[in-house]
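Some notes on the structure that comes next.
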Amino acid sequence: MFGNRDCLTDYDPRESRNKIRVFIWLVSCAFLLLVVRLGYLQVFRGDELRQRSEDNRIRVQEVKPLRGLIVDTHGNILVDNQPSFDISIIPEIAKDVEAVKNKLTNLCDWVEGVLSFKKVSQPSGRPFVPVRVGRNIGRNKLAAVETHSLDLPGVIVDVVPVREYLYGDMMAHILGYVGEISLSELGGGVYAGYRADDMVGKYGIEKFLDGYLKGKSGGEQVEVDAAGRRLNILGRIVSVSGYNVVLNIDSDLQKICWDAFQAEAGTVVVMDPRTGAVMAMVSRPSFDPNLFNRGISGENWKGLTTNPLCPLQNRAISGQYPPGSTYKLIVAAAALEEGLITENTEISCDGTYQMGNRVFRCWKKGGHGAVDLHRAIVESCDVYFYHLGEMLGVDKLAEYATKFGFGSKTGISLPGERDGLVPTKEWKLRRFREPWQKGETTSLSIGQGFTLVTPLQLLRAYCAVANGGTLYKPRLVKRIETADGQTVGDFTPEAEGMIPISKKNIDILKHALWGAVNEPHGTGWALKREEKDVCGKTGTSQVIRLPDDEEDQKSEIRYRFRDHALFVCFAPCEDPVVAVMVIVEHGGHGGSASAPIARRIVDGYFNLEQERRMR
Amino acid sequence: MKMDRRLLINFDWVFLGEVFLISAIGILNIYSAGHNLYVRGEPLYTKQIYWLLVGLVLMVITFSVDYHTIIRHAYLIYLISVALLFLVSLYGDITHGSQRWLVLWGFSFQPSELMKLVLIIVLARYFSDNPQEGYHLGNSLILLAIVGVPSYLIARQPDLGTALFLVVLFLSIVVFVGVGWKVLVSFVAGGVMLTPLCWFILKDYQKERILTFLDPERDPLGTGYHIIQSIIAVGSGSLWGKGFLKGTQTQLKFLPEQQTDFAFSVFAEEWGFVGALVLMFIFLALILWSLNIARNSRDLPGALLAFGVTMFVFWGIFINIGMVLGIFPVVGIPLPFFSYGGSSMVVLMMGAGLLLNVSMRRFMLQP
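Protein chains in written order, with my numbering: chain A, 21 to 635; chain B, 4 to 370.
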């Protein structure tokens, strides 16, 4: 039986003592191992791991600045900032990201793809940093997320300002839109200092003045716990709001233009001939820039980019059109100034003009008979200008066209402006390796052929005639101010130069433009107001040249082959204060399609002025 | 049972002092770990004080009864403990996906913790009964059964850490008894051969833990998280530590299980290398003192009991701190007298009682 002393007698303590001595050594070695490891972690790697613990607890959060506002010339807000709600996930807290993702998706009936969990699964360098999965969720979805926040560990909602374009598609082409900076933009020189995730202007003023609008980011050093809760703010750099931009645009006038222009495609530009200030600019078709704020859907984007009418194009500066008869002003100016004709020079028009073996026609079958310069402009006689073209030659014409500002960008503060084209003999040789044909000059003299102008260029040239010769740079931006209203930059009228036309000749031309509107047989009769104060010129730019026998069937010509209708005018005749350019794409005749639109705008402008004076 | 005056004279106050010192530091540490933690009801450090007091009572009972009496009832105690493990597998409380707790009169209790101590007692009895038997291969089957049954039951809870702990404890005692190298080799060879088999028995999360131990960064959010955050906590303590209640890893709750399995990380973060070294020194002193008790025992059962309990404490320290420092995989072994845990604390205090028992009776058996 155990426990009696007999069995204890054969216990030899010495044997145990030897074994225990061995165990003392083993235990000491084990402790040494632990101590060495402890020393390695705490002493050798102490600084590194101290830093890692700081990284755990201290997070530097960017405080994004408010983007500057854009207001019109009277201070009406055009672009505002509205709070929106972003959803982020802290993967370390969510633990089971997949489950949280499913819950979120179910909760809000989100379509697959609206939430992007791509970045969540990628391990980031720093733990406990929220990863954004959804931008700009609506208020009802926000409510759903907030009520179920207990079921959604690691899901946080941030309030982020988002752009709101109060006028929607009406001013889309002027204001543009913003979007998340793209990878290709990030590397570039213009965007040095921008960071991934920044919102940048992508189009319009938003893009052109992004540097002023964006403001300066601030930062906060925040202590957070493992759940990502902010405990203390350790340091703070205040963000600086972006500058506000004041435009020359008059939103009331813009609305008048927008409403007046109901055609499918085309553009309206309104300028102050005295200063070059752009008061309205409409391009149709348009788009809603607010779509981009909410993160444009693939469907919408595809709709915009594949639309054959290119809604994203600002036709006022990027559209290039043959100027048609509106160009006759420049041809006439050149011929007068070169002394090739006087205002009394008469040319007989029988409806046709022979150049080599080609016959060019006047728009009026049977011709105008004997016409002087005034009547030639008033009734837009083509044959008269065919002769002027022949007298001037292509290069002389180009010289004058260039001085009227054609063939190069006007320098308006918008991205995407085009040069237009002023053809010369040398250009043709270079471009087509073919010599210039005389008949091509004939086409040029009535604004057809190779010549391409942007609506803004054309309007500016007419403004130069209107104001007595000064070619102004078109100005969209009036002023840039700090958020509290201090002026940072004031944009005063900038004269690019004078058109080389004498005062006398300018008066002759202006009188002719007045006649084109106010005299019998004038092509711009639609603008004949009671005050008889509008000067203007119609234009019809051929898209394709039609065989003679099809002339009568114009209404049946397919839309895209129809002529563009142009009208450019200014008023009042003496000391003009407003100039309007209208192009209706494929609208047919300038006199019938564009002039009525211009009429509504001119009327609207003066009514507006009167209303404002009354107030 | 007769109380002798000599018992009081020979009472090992130094050992008891060491136990109290570690427990006190442990409670302070649990206080810090729970400082910023919202808990309903009693904070854990006060609960740990209660457990210490309960343990103290049981310790007094344990050392009052002559350890020979305890050894005499070893098999009965063993059977009761195994029965408790059975009960756990039938009626146990399930938390965190494993069934480890038995709820009695409102108290939760882990029979697997008790089993550690009971295994020591039953092995002490077996090897004392059969001082020569260990040399025979045949009897190793009985030994395998003694350790195998509870290990299996615990592994099924599943609590692989504690099951393996029993095996490690068993092997330590076997080595101490000095079984023949044949037996030892057969144990080891058997173990090696069973290892690949184990891989198929293991649950997915257990496999994951082992893989993560090999490469913690493999899954930094899941199982690797514990190890990474613990290493950061320990290392960031640097030489002098961040100060009591000032460990950011602890107070901001980046460190998981900071009052239980990772209590040492808390201490190392707040007290630095210097503090951790002092604590390690106290632990080493406790172990060496206990080994000395085993050495001074006048009979084999006493030596075996004292040695077994020492190994119980030693492996607890070694595995827990090794785990916290990232040299062992994450297994749920608490740091003796230091981590929060009622069952662990009570059982360890009973173990301490056994050591005191052996220590104070070393002069009673002069031949």
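The beta carbon of each residue, even a glycine, is placed where N, CA and C say it ideally should be. On a predicted model such as this, the values are computed, not experimentally measured, just so you know.
### Query
Looking at the structure shown, is H394(A) part of a helix, part of a strand, or coil, going by DSSP?
helix
#### Entry: Among L126(B), V60(B) and V316(B), the one whose alpha carbon lies nearest that of M283(B)
V316(B)
### Query
Y211(A) and V220(A): beta carbons closer than 8 Å?
yes
#### Entry: Contact list for G66(A) against chain B, beta-carbon separation under 9 Å
G238, S239, G240, S241, L242, G275 and F276
### Exposed unless 16 or more other CB atoms sit within 10 angstroms - verdict on W321(A)
With fewer than 16 other Cβ atoms within 10 Å, it is exposed.
### chain A within 8 Å of D302(B), Cβ atoms only
Yes, D302(B) counts as interfacial toward chain A.
### Task
Examine chain A for any beta-carbon lying closer than 8 Å to the beta-carbon of L172(B), and answer yes or no.
no
### Message
Rounded to the nearest angstrom, what separates F587(A) and A618(A) at their Cα positions?
### Response
7 Å
### Query
When the Cα atoms are used, what is the spatial distance from Q274(A) to A336(A)?
14 Å
### Query
K256(B) versus chain A: which residues are under 8 Å apart at the beta carbon?
D245, A246 and A247
### Message
So with CB distances below 9 Å, who are the chain B contacts of Y187(A)?
### Response
Here the premise fails: no neighbours, minimum Cβ distance about 47 Å.
### Secondary structure of K222(A), DSSP reduced to three states
Correct three-state label for K222(A): strand.
#### Entry: Opposing strand residues paired with W104(B) [DSSP bridges]
D96(B)
### Query
By a C-beta neighbour count over all protein chains shown, 10 Å radius and 16 as the cutoff for buried, is A86(B) buried or exposed?
exposed
### Own chain residues within Cβ distance below 8 Å of D572(A), not counting five before or after
At D572(A) the pLDDT is 46, less than 50, meaning the model places this residue with poor confidence and gives no usable figure here.
### Query
What did DSSP end up calling V188(B) once you bin it into helix, strand or coil?
helix
### Task
Give a yes or no on whether 8 Å exceeds the smallest Cβ distance from T251(B) to chain A.
Residue-level contact check: T251(B) touches chain A, since one or more beta carbons of chain A fall below 8 Å from its beta carbon.
### Interfacial residues, the region 284-295 of chain B to chain A, with Cβ spacing under 9 Å
F284, F286, L287, I290, L291, L294 and N295
### Sequence-distant residues of its chain with Cβ nearer than 6 Å to P435(A) (five each side left out)
If we look at P435(A) and ignore the five residues flanking it on each side, its Cβ neighbours are K227 and F228.
### Query
Going by beta carbon distance, what residues of the same chain come within less than 8 Å of N133(B), once the five residues before and after it are set aside?
N142
### Query
Is the beta carbon of E547(A) less than 8 Å from the beta carbon of T346(A)?
The residue asked about is misnamed: residue 547(A) is Leu in this sequence, not Glu. Not a contact, by the Cβ cut-off of 8 Å.
### Task
For N252(A), write down the residues that DSSP places opposite it in a beta bridge.
Under DSSP, N252(A) takes part in a beta bridge, and its partners are E243(A).
### Query
Name the DSSP bridge partner or partners of H664(A)?
Because chain A here runs from 21 to 635, residue 664(A) falls outside it and cannot be looked at.
### Under 7 Å from the C-beta of G325(B): neighbouring residues of chain A
L54
### Query
Between the beta-carbon of D175(A) and the beta-carbon of V182(A), is there less than 8 Å?
As written in the sequence, residue 175(A) is Val, which differs from the Asp given in the question. No, they are not a contact pair.
### Message
On the DSSP letters alone, give me the boundaries of the alpha helix (DSSP H) that I521(A) sits inside.
### Response
Neither: I521(A) is in no alpha helix (DSSP H) and is coded neither H nor E.
### Closest by C-alpha distance to N101(A), when choosing among P111(A), G88(A) and H94(A)
The residue from P111(A), G88(A) and H94(A) with its alpha-carbon nearest to that of N101(A) is G88(A).
### Query
Just checking my contact of A306(B) with A297(B) at CB under 8 Å: how many whole Å lie between their CB atoms?
5 Å
#### Entry: Chain-ordered chain B contacts of Q62(A) [CB-CB under 8 Å]
V237, G238, G240, S241, L242, A271, G275, F276 and A279
### Message
Given this structure, state the Cα-to-Cα distance separating N627(A) from L267(A), to the nearest angstrom.
### Response
Between N627(A) and L267(A), the C-alpha separation is close to 21 Å.
### Query
In chain A, which residues lie less than 9 Å from L328(B) when you measure between Cβ atoms?
L54, R57, L58, Y60 and L61
### Message
On the CB-based measure, 16 or more other CB atoms within 10 Å of its CB, does V379(A) come out buried or exposed?
### Response
Per the 10 Å Cβ criterion, exposed.
### Task
Give the secondary structure of R451(A) by DSSP, where H, G and I count as helix, E and B as strand, and everything else as coil.
helix
### Message
Which residues in chain A have a C-beta closer than 7 Å to the C-beta of A306(B)? List them in chain order.
### Response
S36
### Task
Please report the Cβ distance between E437(A) and L393(A), rounded to the nearest whole angstrom; I am assuming they are in contact, meaning their Cβ atoms lie under 8 Å.
That pair is no contact at about 33 Å.
### Message
Helix, strand or coil, according to DSSP, for E74(A) in the structure here?
### Response
helix
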